[in-house]
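Student: Sequence order for the protein chains is A and B.
The numbering used here puts the first sequence at residues 107 to 419.
The numbering used here puts the second sequence at residues 107 to 419.
Number of protein chains: 2
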Amino acid sequence: MTSSAEKAQLLTPAAVQAAYSLIQPYVHRTPLLTCKTLDTIASTPQTPEALVGTPFEGNHAQALALAASTLNVPAYIVMPSISTPSKIAGTRSHGAEVIFSGSTSVEREAVVAEIQAKTNAILVPPYDDFNIICGQGTTALELEAQYTEQAGTKTLGAVITPIGGGGLNAGVATYFSDKQTKVFGAEPSFQGADDCRRGLLAGKRVEAVSTLTIGDGLRTPVGVLNWEVISNKKKVEGVYAVTEEQIKAAMRLVLERMKVFVEPSAVVGLAVCLFDEDFRRLVEQEGGDQGWDVAIVFSGGNTTVEAIGKLFG
Amino acid sequence: MTSSAEKAQLLTPAAVQAAYSLIQPYVHRTPLLTCKTLDTIASTPQTPEALVGTPFEGNHAQALALAASTLNVPAYIVMPSISTPSKIAGTRSHGAEVIFSGSTSVEREAVVAEIQAKTNAILVPPYDDFNIICGQGTTALELEAQYTEQAGTKTLGAVITPIGGGGLNAGVATYFSDKQTKVFGAEPSFQGADDCRRGLLAGKRVEAVSTLTIGDGLRTPVGVLNWEVISNKKKVEGVYAVTEEQIKAAMRLVLERMKVFVEPSAVVGLAVCLFDEDFRRLVEQEGGDQGWDVAIVFSGGNTTVEAIGKLFG
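(1) Tell me whether I188/A is buried or exposed, calling it buried when 16 or more other Cβ atoms sit within 10 Å of its Cβ.
(2) Would you mind giving the Cβ-Cβ distance between F236/B and K113/B, rounded to the nearest angstrom? I have them listed as a contact below 8 Å.
(3) Applying the criterion that 16 or more other CB atoms from any shown protein chain within 10 Å of the CB defines a buried residue, is V342/A buried or exposed?
(4) So does the segment 373–390 of chain A actually touch the segment 343–360 of chain A, counting three or more Cβ pairs closer than 8 Å?
(5) Fully enclosed by the segment 270–323 of chain B, which beta strand (DSSP E) runs are 3 residues long or longer?
(6) Comparing alpha-carbon positions, which option in P119/B, N178/B, S199/B and S209/B lies nearest V184/B?
(7) I need the boundaries of the alpha helix (DSSP H) containing S211/B, first residue and last residue.
(8) My output table needs one value for P186/B: the three-state DSSP class, helix, strand or coil.
(9) Report yes or no: is there a C-beta of chain B within less than 8 Å of the C-beta of T197/A?
(10) Does K193/A come within less than 8 Å of chain B when only Cβ atoms are used?
(11) Do you know whose CA, among G305/B, W398/B, H200/B and Y132/B, lies nearest V330/B's CA?
(12) For G344/A, which of helix, strand or coil comes out of DSSP?
(13) Using CA coordinates, which residue listed in A299/B, G321/B, G323/B and P268/B is at the minimum distance from V315/B?
(14) Quick check: what's the CA-CA separation for T136/A versus Q286/B?
(15) Are the C-beta of T245/A and some C-beta of chain B separated by less than 8 Å?
(16) Could you say which of I239/A, F296/A and P268/A lies nearest to A276/A if we only look at CA atoms?
(17) Does the Cβ of V179/A have 16 or more other Cβ atoms within 10 Å, making it buried, or fewer, making it exposed?
(18) Can you list, in chain order, the residues of its chain whose CB lies under 8 Å from that of K340/B, leaving out five sequence neighbours each side?
(19) When you compare only the Cα positions, how much space is there between Y233/A and G271/A?
(20) On the criterion of 16 or more Cβ atoms from any shown chain inside 10 Å, does S192/A qualify as buried, or is it exposed?
(21) Identify the continuous beta strand (DSSP E) that holds I402/A and give its terminal residues.
(22) In the DSSP output, what is E203/A paired with across the bridge?
(23) Determine the chain B residues that contact I414/A at a beta-carbon separation under 7 Å, and present them in chain order.
(24) Can you pull out the residues from the segment 354–366 of chain A whose beta carbon lies closer than 7 Å to at least one beta carbon of chain B?
(25) To be precise: take each residue of the segment 271–291 of chain B, compare its Cβ to all Cβ atoms of chain A, and keep it if any distance is under 9 Å. Which residues remain?
(26) Is I353/A helix, strand or coil when you go by DSSP?
(27) Could you check whether L262/A and Q242/A sit closer than 8 Å to each other, using their CB atoms as the reference points?
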């Protein structure tokens, strides 16, 4: 059996490229958006000259449902019964069968085992998996292609993504691992949701997290294989954490000014760019005279108008 | 003095092109977005094969503030004191001075006259004006260019825009007046906000409207010059009206599924595509075997998270 460290060796930019070739005919090209207002707010004299964001629509359940419908095979999605209605509806809209479980991993795995016994279905893990990491890394490829279309020969300075289970961040870091673009991660700090950041400080992965942060997509601890990538300083430069109030402030800006509909989890990277003084100083130093363009991955937009009302009511 | 009918003669595609050349270096290129979910909903067997939308960020106050800051001249924006906080904040963020008035046109004009007397400022009318129509018509030009990038040699079948004062619709219709693409308008029906549609039926412009439709950007009657364009069957094919509930349903879809943050006024065109049986039949007939692509202009996104909460709470 291959160890996580060995598997991590195989996570190369070429593996991400291969994943992209596979999925490209079937996926929506997420547009790279820019916003003058956010540029202005982020670009006080010491900060990067431009700020770009990529709204990223997929969550795992919806992606799996879409893949199954593309392949014309049935999909069974196990979701905690407390999932937000929009996530459930989004998954069902692609034709998948949603099966509810309790919210602990033990409860979830029991339901999964039962379905597998009945249907011989293949389990597709949500983040801690080689192929999933490569697939999520295709975000970086789309982002870079669109950045180049807009910015010409300039090199993208940095990318920041949210970290929950860490698949997206590990995938993006894999793709940029042989390039100049630096990769950062962002987490909520509420009730210890910043397990990745704390793990990096302690030199050891944090295995369990119990938090009710509003960034509900980021309540998971970083996976084992993802940790191999993210804890590699050559791949991920640093991980930062933001408060619930900072997440809400960033979310309001994205909704009201950038006009993009995002869930709280999506904007932790933006919140770091706007509010974390350490990150801002780093950008100032690294960017030098030319400045850096920092791309921010927004993942995702699975929320409802009712949830927005509750959050800001 | 030139009559409105004579002025309307000068509203040509070339005039819109000229306006675009002037503003292009200074404006954000609004992306043409597509959404599979909305395509599917709109494309029951009898309806168009694809649906495309353009979020359109400007309202007049913000556009004027931006123009003034680009030219480095002061701007004084007169707004009703009941304006939404996001509109006020958006305008101020571009450096304009906001001056409040009552909400009737008489109250507003008195404040304007006072400012002009004090400052010699030039009055830039919000919609019923040759140059404003050409400027708003540049929406059509951006839309067409991006449609061609995506659709190749196929011709865009139709465009539908909201109608309040009618500048946007008249501008878009002006640009497409020598092309195959047909132009339609959409209004709320609540409390007679469908003044344009009613005027067309009666063969005479409706001069006053008093409505509290949630489409608060569309509470204005169509302007005199705009009426010249919109009532010309060769330029605007038809105007449709939708209910408050239809507007809310369309808005929820755009926010939750398309992930674009829009105000109620923005989605009246989408509501027509989704819910108006007459329009859907027309599209079916006109589109023929090939089907039509219908582009929907979303204008605008001037709302707040609190307003969203109130609307859907």
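Even for Gly, the Cβ is constructed at its ideal location relative to N, Cα and C.
Tutor: Taking the structure as given:
(1) Against the first sequence, residue 188/A aligns to sequence position 82. When all chains shown are included, I188/A counts as exposed.
(2) In the second sequence, counting from the first residue as 1, residue 236/B sits at position 130. In the second sequence, counting from the first residue as 1, residue 113/B sits at position 7. That pair is a contact at about 6 Å.
(3) The residue you call residue 342/A lines up with position 236 of the first sequence. Under this definition V342/A is a buried residue.
(4) yes
(5) 288–294
(6) Counting from 1 along the second sequence, the entry for residue 184/B is found at position 78. Cα-wise, what sits closest to V184/B is S209/B.
(7) Residue mapping note: residue 211/B aligns to position 105 of the second sequence, counting from 1. Per DSSP, S211/B belongs to the alpha helix (DSSP H) from S211 to T225.
(8) For this step, residue 186/B is matched to residue 80 along the second sequence. Per DSSP, reduced to three states, the secondary structure at P186/B is strand.
(9) Counted from its first residue, the first sequence places residue 197/A at position 91. With 8 Å as the cut-off, T197/A does not count as an interface residue toward chain B.
(10) To locate residue 193/A, count along the first sequence from 1; it is residue 87. Taking Cβ atoms only, chain B never reaches closer than 8 Å to K193/A, which makes this a no.
(11) Stepping through the second sequence from its first residue, residue 330/B is reached at position 224. If we check each option's Cα against that of V330/B, G305/B comes out closest.
(12) Residue mapping note: residue 344/A aligns to position 238 of the first sequence, counting from 1. Strand at G344/A.
(13) Stepping through the second sequence from its first residue, residue 315/B is reached at position 209. Its Cα nearest to that of V315/B, the residue A299/B stands out among A299/B, G321/B, G323/B and P268/B.
(14) Position 30 of the first sequence, counted from the first residue, corresponds to residue 136/A. Position 180 of the second sequence, counted from the first residue, corresponds to residue 286/B. Each residue's Cα considered, the two are about 30 Å apart.
(15) Stepping through the first sequence from its first residue, residue 245/A is reached at position 139. No, no contact with chain B.
(16) Position 170 of the first sequence, counting from 1, holds the residue named residue 276/A. Answer by Cα proximity: I239/A.
(17) Against the first sequence, residue 179/A aligns to sequence position 73. V179/A comes out exposed.
(18) For the purposes of this step, residue 340/B is identified with residue 234 of the second sequence, where counting begins at 1. S283.
(19) To locate residue 233/A, count along the first sequence from 1; it is residue 127. To locate residue 271/A, count along the first sequence from 1; it is residue 165. The alpha-carbon atoms of Y233/A and G271/A are separated by roughly 6 Å.
(20) By 1-based counting over the first sequence, the position of residue 192/A is 86. S192/A is buried by the Cβ-count criterion.
(21) Counted from its first residue, the first sequence places residue 402/A at position 296. From DSSP, the beta strand (DSSP E) with I402/A extends over D399 to S405.
(22) Here residue 203/A is taken as the residue at index 97 of the first sequence, counted from 1. Y182/A, per the DSSP bridge assignment.
(23) The count along the first sequence starts at 1 and reaches residue 414/A at position 308. Near I414/A (Cβ distances below 7 Å), the residues of chain B are V411, I414 and G415.
(24) R358, L361, E362, K365 and V366
(25) none
(26) Start at 1 with the first residue of the first sequence, and residue 353/A comes out as number 247. Correct three-state label for I353/A: helix.
(27) Position 136 of the first sequence, counted from the start, is the residue given in the question as residue 242/A. Position 156 of the first sequence, counted from the start, is the residue given in the question as residue 262/A. No.
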